[in-house]
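Each number in my numbering corresponds to the 1-based position in the sequence shown with 39 added. Ideal placement from N, C-alpha and C gives every residue a C-beta, glycine not left out. Scroll down for the structure; my scribbles are underneath it.
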Amino acid sequence: MSIAGIKGMNDILPGEVETWQFLEKTAREVFRTYGFSEIRVPVVEKTELFCRSIGETTDIVEKEMYSFEDRSGNSISLRPEGTAPVMRALVQHKLYNLDSINKLYYSGPMFRYERPQKGRYRQFHQLGAEVVGVDDPKVDAQVLAMLDQFFQEAGIADVELQINSLGCPECRPAYRDLLVAYLEVRLESLCDDCKRRYRTNPLRALDCKSTGCKAATAEAPSVLAHLCCGCDTHFGKVRGYLDGMNIPYAVNDRMVRGLDYYTKTTFEMVTTRLGSQNAVAAGGRYDGLVKQIGGPALSGIGFAMGLERLALLKGDEAVVRDRPEIFLAGLGEAASDRSFLLMQELQRQGLRAEMDFEGRSLKSQMRRADKLGARYVLILGEDELSRGGAELRDMDAATQEDVQLDQLLSVMIERCGLVRRDKA
Ligand code: HAM
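So, in structure tokens, the structure goes:
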């Protein structure tokens with residue numbers, strides 16, 4: 040019996056991977072223009088890092104982490120998100136001493152033991168960006184502008200930017216108490232999860248999908264009406280900058296993030312095209328996080344986009360198929376051997392070249408060239424070989440011409456406008 044992969048952990052196959060590469064390339068280009076540098080952190084961290092940062096009472100820490108003991112008995116976890124590991128690295132390497140503002144981006148697999156469904160997996164991939172060191176609302180607006188630009192450049196429409204503010208340690212406790220009191224008299228209507236955590240994590244009831252919780256919280260006090268002066272001014276400025284940059288957004292005062300480290304601005308890019316997994320990107324400000332994990336009191340803000348969800352939205356449209364520049368159809372052993380050497384020469388110059396290794400007929404080699412989408416086909420038989428030439432067929436224009444084999448490389452370079460990148 041063959042061995043299948045693990046449930047909720049997917050292979051990304053040729054044909055799909057081109058969309059991923061397009062998304063990653065677009066993100067790198069956009070992030071670069073905003074001055075972000077890449078950081079790569081390990082896939083596993085000490086479990087304690089996630090408990091301390093994401094929060095002990097969150098779904099992620101309570102029930103979704105892949106945690107286990109290593110052979111020395113230390114509790115380690117597959118990372119369920121990227122912000123905590125990146126902040127851990129920032130503190131460990133004291134990156135804040137090198138610059139007062141650190142703009143970092145990362146990409147890679149994350150792991151959460153959730154119930155798999157369309158758009159929700161146990162191994163998924165995030166592309167994330169974080170800015171540490173400045174709490175100016177301009178930074179919030181810039182991060183949102185970068186996110187907006189990514190969606191535009193990636194050609195992903197049908198998304199809406201929703202923003203909220205979750206307050207800070209000064210104003211949130213009072214709002215929390217208010218919400219606990221509000222929920223306390225409506226406990227009977229809440230789902231079991233919200234009932235259990237209404238004291239420890241009352242905000243979660245606001246974005247709970249259960250009908251009972253939705254109805255019970257319909258009249259709940261709004262967090263935005265209970266912000267302290269500092270948070271209120273900050274949020275107003277963020278909105279003002281977004282307006283000034285003509286970035287569309289909606290305020291959603293019921294948006295609650297599933298991670299405890301957020302303060303002030305939070306946001307999500309939502310879509311109606313992915314059912315209940317409607318957040319394609321999400322993030323916010325986390326001004327206490329760096330200190331909480333043992334670093335200095337530095338503010339931070341960032342987001343992560345889910346690559347699977349982006350790829351589902353993008354589909355295969357508009358991602359250019361990677362076609363071979365040339366397919367060498369050699370007929371007979373000598374022609375096949377010569378084709379092989381020619382192919383190597385072309386590849387060394389950076390041209391994508393393919394050939395047949397199975398001694399197939401011309402007809403079936405042409406069929407294969409067509410299937411691969413080759414732009415040109417070189418037809419090389421015994422006769423052509425003896426006169427040092429071959430027929431070069433332009434598959435798009437449906438024309439053909441004779442070329443000398445010793446000229447093939449320069450003809451192809453001229454046609455395809457390609458030279459090896461290191462010689463360019
Ligand atoms: P998050 O909302 O937990 O935030 O995840 C961010 C994004 O990752 C989601 O909007 C979604 O697109 C994707 N995602 C999350 N879970 C899954 C899953 N099981 N399957 C597929 N995609 C998923 C964070 O992780 C924060 N670290 C974001 C952040 C960065 N906040 C500040 N900086």
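For glutamate 347, no beta strand (DSSP E) encloses it; the enclosing alpha helix (DSSP H) starts and ends at 346-353. The count of Cβ pairs closer than 8 angstroms, one atom from the stretch 338-349 and one from the stretch 157-172, reaches three, so the stretches are in contact. Bridge partners of arginine 432 according to DSSP: Val416, Gln439. Contact check for phenylalanine 89 against leucine 200 fails: the beta carbons are separated by 8 angstroms or more. Note on the stretch 370-418: whole alpha helix (DSSP H) runs with a minimum of 4 residues are 372-387, 401-411, in chain order.
Ranked by Cα distance from leucine 263, the options His273, Ala254, Ala255 are led by His273. Taking a C-beta distance under 8 angstroms as the contact criterion, leucine 298 and glycine 147 do not qualify as a contact pair. Excluding residues up to 5 positions away in sequence, Val198, Leu200, Val319, Ala320 lie with their Cβ nearer than 6 angstroms to the Cβ of methionine 308 in the same chain.
Note that the stretch 283-298 touches the stretch 178-194; at least 3 beta-carbon pairs, one per stretch, sit closer than 8 angstroms. Nearest C-alpha to valine 224 among Glu423, Ala259, Gly279, Ser106: Ala259.
Only exposed fits valine 82, as fewer than 16 other CB atoms lie within 10 angstroms of its CB.
Relative to the non-hydrogen atoms of the ligand HAM, the Cβ of glycine 279 never comes closer than 7 angstroms to any of them. Residue range 302-310 is occupied by the beta strand (DSSP E) that includes threonine 310. For the ligand HAM, no non-hydrogen atom lies closer than 7 angstroms to the CB of glutamine 188. Assignment of asparagine 141 by DSSP, reduced to helix, strand and coil, places it in the strand class. With a threshold of 7 angstroms, the Cβ atom of leucine 245 does not count as near the ligand HAM, since no heavy atom of the ligand is closer than that. For serine 92, the uninterrupted alpha helix (DSSP H) segment begins and ends at 86-93. For valine 198, no alpha helix (DSSP H) run applies; the uninterrupted beta strand (DSSP E) run containing it begins and ends at 198-204, by DSSP. In this structure, glutamine 165 has its CB closer than 7 angstroms to one or more heavy atoms of the ligand HAM. Isoleucine 99 and lysine 234 have their C-alpha atoms some 18 angstroms from each other. Serine 114 has Glu108 as its beta-bridge partners, per DSSP. The C-alpha of arginine 71 lies about 20 angstroms from the C-alpha of isoleucine 195. In this structure, phenylalanine 150 places its C-beta atom within 8 angstroms of the C-beta atom of leucine 117. Remark: C-beta atoms of glutamate 192 and valine 277 do not approach each other more closely than 8 angstroms. Three or more Cβ pairs closer than 8 angstroms define a contact, and the stretch 377-387 falls short of that threshold against the stretch 327-340.
Within the same chain, and ignoring the five residues on either side of isoleucine 140 in sequence, the residues whose Cβ sits closer than 6 angstroms to its Cβ are Gly172, Val173. Serine 146 sits in a strand when the DSSP states are folded into three classes. Judged by DSSP in its simplified three-state form, glutamate 453 adopts helix. Contact between leucine 444 and alanine 429 holds: their C-beta atoms lie close to 6 angstroms from each other, under 8 angstroms.
Bridge pairing for glycine 167: Tyr145, Ala343 [DSSP]. Bounds of the beta strand (DSSP E) holding arginine 324 are 318-324. In terms of Cα proximity to threonine 310, the closest of Ser425, Arg348, Gly323 is Arg348. Taking C-alpha positions only, lysine 248 is separated from leucine 218 by approximately 18 angstroms.
With a threshold of 7 angstroms, the Cβ atom of tyrosine 325 counts as near the ligand HAM, since some heavy atom of the ligand is closer than that. Membership of glutamate 421 in the alpha helix (DSSP H) is indicated by the continuous run 421-425. When the beta-carbon positions are compared, leucine 222 and proline 241 come within less than 8 angstroms of each other.
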